[in-house]
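Here the sequence shown stands for residues 0 to 694, numbered as in numbering that gives the first Met the number 0. C-beta atoms are modelled at their ideal positions from N, C-alpha and C, and glycine is treated no differently.
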Amino acid sequence: MELQLEQLIPIAAAIASFAVAAGFAAWVTKQKAGTKEMMDISDAVRIGAAAFLRREMKIIIPIAIGLAVVIGYFIGFSNGIAFAVGAALSAVAGLISLKITVKAAVRAANATGSGIGKTFALAFRGGATVGLAVPAMALLALALLFYIFPDPITIAGVGIGASLIALFIRIGGGIFTKAADMGADLVGKVEANIPEDDPRNPATIADNVGDNVGDAAGMGSDVYESYIVTILASILIGALIGLPQIMMYPILIGASGLIASIIGTATIGSKNVSDVMGPLNRSFYVSAAIAIGLNFAFTYMFVGTHSLAMALFGATVIGVILVPVIQRITDYYTNYKYRPVQEIQESAKWGYASLTLMGIIKGMQSTGPFMIALVAAIIISFSISAASAPDPSQALLYGIFGTSLTAMAMLSLAGIVLSIDAFGPIADNAGGIVEMTGMGEENRKVTDQIDAVGNTTKAVTKGFAIASAGLAALAMIQAFQYEAKAFLTHHAETTFSHLSPESFAKLSDYTLTNPAIIVGLLVGGLIPFIITGQLISGVSRAASKMVDEVRRQFKADPDILTGKSKPDYAKCVDIATIASLRELWKSAVVAIAAPIVLGVLLGPTAVAGLLMGAVVTGIFLAYHLANTGGAWDNAKKLVEMQGHKGTDEHKVAVVGDIIGDPYKDTAGPALNTVIKLLNTVAIVFVSAFVAILVL
Numbered sequence: 000m001e002l003q004l005e006q007l008i009p010i011a012a013a014i015a016s017f018a019v020a021a022g023f024a025a026w027v028t029k030q031k032a033g034t035k036e037m038m039d040i041s042d043a044v045r046i047g048a049a050a051f052l053r054r055e056m057k058i059i060i061p062i063a064i065g066l067a068v069v070i071g072y073f074i075g076f077s078n079g080i081a082f083a084v085g086a087a088l089s090a091v092a093g094l095i096s097l098k099i100t101v102k103a104a105v106r107a108a109n110a111t112g113s114g115i116g117k118t119f120a121l122a123f124r125g126g127a128t129v130g131l132a133v134p135a136m137a138l139l140a141l142a143l144l145f146y147i148f149p150d151p152i153t154i155a156g157v158g159i160g161a162s163l164i165a166l167f168i169r170i171g172g173g174i175f176t177k178a179a180d181m182g183a184d185l186v187g188k189v190e191a192n193i194p195e196d197d198p199r200n201p202a203t204i205a206d207n208v209g210d211n212v213g214d215a216a217g218m219g220s221d222v223y224e225s226y227i228v229t230i231l232a233s234i235l236i237g238a239l240i241g242l243p244q245i246m247m248y249p250i251l252i253g254a255s256g257l258i259a260s261i262i263g264t265a266t267i268g269s270k271n272v273s274d275v276m277g278p279l280n281r282s283f284y285v286s287a288a289i290a291i292g293l294n295f296a297f298t299y300m301f302v303g304t305h306s307l308a309m310a311l312f313g314a315t316v317i318g319v320i321l322v323p324v325i326q327r328i329t330d331y332y333t334n335y336k337y338r339p340v341q342e343i344q345e346s347a348k349w350g351y352a353s354l355t356l357m358g359i360i361k362g363m364q365s366t367g368p369f370m371i372a373l374v375a376a377i378i379i380s381f382s383i384s385a386a387s388a389p390d391p392s393q394a395l396l397y398g399i400f401g402t403s404l405t406a407m408a409m410l411s412l413a414g415i416v417l418s419i420d421a422f423g424p425i426a427d428n429a430g431g432i433v434e435m436t437g438m439g440e441e442n443r444k445v446t447d448q449i450d451a452v453g454n455t456t457k458a459v460t461k462g463f464a465i466a467s468a469g470l471a472a473l474a475m476i477q478a479f480q481y482e483a484k485a486f487l488t489h490h491a492e493t494t495f496s497h498l499s500p501e502s503f504a505k506l507s508d509y510t511l512t513n514p515a516i517i518v519g520l521l522v523g524g525l526i527p528f529i530i531t532g533q534l535i536s537g538v539s540r541a542a543s544k545m546v547d548e549v550r551r552q553f554k555a556d557p558d559i560l561t562g563k564s565k566p567d568y569a570k571c572v573d574i575a576t577i578a579s580l581r582e583l584w585k586s587a588v589v590a591i592a593a594p595i596v597l598g599v600l601l602g603p604t605a606v607a608g609l610l611m612g613a614v615v616t617g618i619f620l621a622y623h624l625a626n627t628g629g630a631w632d633n634a635k636k637l638v639e640m641q642g643h644k645g646t647d648e649h650k651v652a653v654v655g656d657i658i659g660d661p662y663k664d665t666a667g668p669a670l671n672t673v674i675k676l677l678n679t680v681a682i683v684f685v686s687a688f689v690a691i692l693v694l
């Protein structure tokens with residue numbers, strides 16, 4: 000078949016994004032890497048991160064191959080292929096993120112001598128390499144898969160592949176980074192009273208490795224997976240409507256956002272930079288404005304100018320607007336410039352209990368405005384789309400499609416959002432290199448200024464990912480129900496002919512009078528809490544081993560603290576690697592098994608309840624965890640900025656930050672991946688467990 004213009008545009012946008020990302024990567028590589036001492040530290044981080052990913056892939060690849068075969072055999076060849084593509088590219092997304100972050104960090108550290116402008120440009124362009132490459136991979140994969148297999152249900156396996164690998168990398172990287180971070184902070188900063196990233200701390204290299212495998216590789220895989228699942232949800236709903244002119248519309252929305260992100264990243268330079276947040280905000284708003292303009296152009300070209308077309312375009316505008324709204328809410332609750340973090344910082348004067356409680360309170364309070372923003376977006380997008388349905392009997396489907404487009408429009412800006420996020424780990428690592436090589440206080444001030452903004456943008460990106468996961472999951476739940484209903488209707492006279500009309504009706508009864516729905520809601524609502532407990536306890540177990548090792552080294556060789564001998568960094572990296580890999584499979588098993596087991600035992604209605612229960616508790620728990628941890632982190636920074644380092648107040652704030660680490664960097668980010676994995680597993684296996692139920 001010949002490619003049509005609407006199919007060529009996403010492919011061309013992805014190729015252009017790859018080209019610009021390659022240009023940024025080449026520019027970063029050309030910059031001076033610094034002294035031999037700086038390169039030695041960078042190489043140690045690179046080797047440690049590569050060793051972690053290599054060992055993780057030894058576990059993941061056999062599982063992925065086995066699942067691809069199972070899915071291909073039982074669900075369909077195309078779904079097996081799609082699963083393999085989704086999984087492979089998710090791993091590649093993590094690898095790209097890791098490699099460029101390590102390379103950019105040492106160059107950004109070296110650039111601190113030239114001032115904040117050059118350092119910021121280096122960190123941002125390193126991040127933009129990730130930001131433009133990752134969504135380009137997702138867009139290209141979906142566009143080509145949908146071209147080869149035009150029925151979206153036959154490629155739904157791409158979502159499982161993307162979600163599963165993202166979950167593995169998120170969990171493994173999250174446990175690694177927080178185990179190392181907690182070990183380094185508890186013994187180094189609290190007990191030994193040495194600065195963060197001090198070369199005397201045996202866990203400092205592991206801490207820097209963790210920033211890469213957790214924040215860089217983890218976020219790259221996470222955003223790639225969010226992009227895949229969101230487009231997939233929107234295409235599935237569009238296919239149920241059946242209008243050819245809207246089938247490619249979600250992919251075109253992705254293309255417009257990617258083109259806009261390319262232009263937005265080009266606005267960032269190195270001249271006249273004093274407040275780095277200003278250029279970042281400008282680049283985002285430029286991207287958002289261009290995305291809206293391109294969305295209108297693509298709507299006019301490929302959908303039309305009738306009321307439905309304008310309603311769908313309106314739904315995309317809501318999605319674009321929702322991004323800065325979520326950003327502002329998250330920023331307010333996690334930035335030290337605002338009252339919530341200031342109240343947490345003030346509570347540090349009264350001790351550990353006060354700080355802990357105040358952080359939890361503010362994290363819980365943040366879910367209120369977040370919920371209002373999501374509900375408003377859902378109501379408006381649903382209403383305008385449903386009201387414009389050409390066929391009133393399909394108003395519900397059109398409304399759901401409009402909501403899925405709102406989620407897609409959000410994710411279409413993943414390129415610029417991830418670019419803004421990914422420079423944070425680069426700045427963090429650069430600060431570590433500056434500290435470990437003793438470059439001086441002025442150099443450290445440069446990286447601290449960028450890192451402080453990076454902490455805020457990382458928190459904001461987590462909110463963005465959680466919101467998009469919630470909207471995409473709602474669309475996937477509706478798609479699941481329609482697919483289950485279609486399967487039941489198609490086989491009503493064959494597979495289900497032995498059932499009475501009442502029994503058959505129960506298989507598609509999604510009201511709260513159905514006990515299976517109630518059971519599903521309860522099980523689904525519990526899953527995020529079970530997984531959160533697993534992840535935080537996993538971090539705790541891994542961190543305890545790291546703490547023991549750091550203490551052992553300080554006791555065995557007192558000259559480490561005097562600087563006369565070097566600590567054994569490799570041992571700490573190895574401990575974090577082994578501990579994290581031992582923990583990562585538990586949550587994945589729960590997420591994969593739960594919808595299948597419940598579907599086989601109680602049918603599709605119970606699974607629908609499970610999916611809804613998981614999304615309702617999951618997105619708010621994830622947002623609470625991410626914001627609570629981010630607020631504790633910035634409360635500690637505020638204490639330090641006020642000149643209270645080394646005081647009791649500072650020690651309390653450091654412990655708060657340590658508690659928040661597994662909240663914001665492990666459990667919180669993993670939950671939005673869990674929510675989407677539950678949905679994609681349910682979609683792909685719907686026919687299998689419905690058939691098993693009646694046997």
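Element boundaries [alpha helix (DSSP H), containing residue i]
i      : result
TRP349 : Run containing TRP349: none; DSSP gives neither H nor E here.
HIS643 : Element bounds for HIS643: n/a, residue is neither H nor E.
LYS188 : Run containing LYS188: none; DSSP gives neither H nor E here.
THR315 : 306–333
PHE23  : 4–29
THR128 : 115–147
GLY439 : Unbroken run through GLY439: none, as it is neither H nor E.
MET56  : 35–73
SER225 : 216–240
LYS585 : 568–601
VAL538 : 514–555
ALA300 : It should be pointed out that residue 300 corresponds to Met in this sequence rather than to Ala. Residues 276–301.
VAL208 : 203–209
VAL212 : VAL212 -> no alpha helix (DSSP H), and no H or E assigned at all.
PRO243 : 243–246
GLY85  : 76–110
TYR397 : 394–411
Test item: CB-CB of residue i and residue j under 8 Å
i      : j      : result
PHE463 : GLN364 : no
LEU610 : ILE476 : yes
ALA575 : ALA178 : yes
ASP696 : LYS457 : Past the edges of the chain, shown from 0 to 694, lies residue 696, and the structure says nothing about it.
ILE526 : VAL596 : no
THR455 : ASP330 : yes
SER586 : ILE170 : yes
SER225 : LEU410 : yes
ILE399 : MET37  : no
ALA555 : GLY182 : no
ILE159 : THR679 : yes
PHE283 : GLY256 : no
ALA471 : LYS675 : yes
VAL157 : LEU138 : no
TRP26  : GLY358 : no
PHE479 : GLY598 : no
Nearest-angstrom beta carbon gap, residue j and residue i [assumed within contact, 8 Å]
i      : j      : result
GLY205 : TYR622 : In the sequence as presented, Gly is not what sits at residue 205; that position holds Ala. The pair is not a contact, with the Cβ atoms about 29 Å apart (cut-off 8 Å).
MET696 : ALA238 : Any answer about residue 696 is impossible in this case: the structure gives the chain only from 0 up to 694.
ILE577 : LEU185 : The Cβ separation is near 19 Å, so there is no contact.
ASP702 : ASP660 : The structure shown does not extend to residue 702, since the chain is modelled only from 0 to 694, so the question has no answer here.
GLY125 : LYS270 : About 18 Å separates the two Cβ atoms, so there is no contact after all.
Proximity test, residue i beta-carbon vs the ligand NAP heavy atom, cut-off 7 Å
i      : result
ASP656 : In the structure on display, the ligand NAP does not appear, and there are no ligands present to speak of.
Reference residue i; option with closest CA among the options
i      : options                        : result
ILE8   : VAL68, MET300, PHE123          : MET300
ALA127 : ALA466, GLY182, SER96, PRO566  : SER96
VAL549 : VAL572, VAL538, ILE529         : VAL572
ILE240 : ASP196, LEU307, ALA90, SER225  : LEU307
GLY277 : ILE449, LEU676, TYR662         : ILE449
ILE236 : ASN192, VAL614, LEU473, GLY437 : LEU473
LYS563 : ARG199, SER89, PRO661, ILE70   : ARG199
ILE591 : GLY523, LYS636, GLU648, ALA630 : GLY523
ALA90  : ALA132, GLY75, ILE70, ASN109   : ALA132
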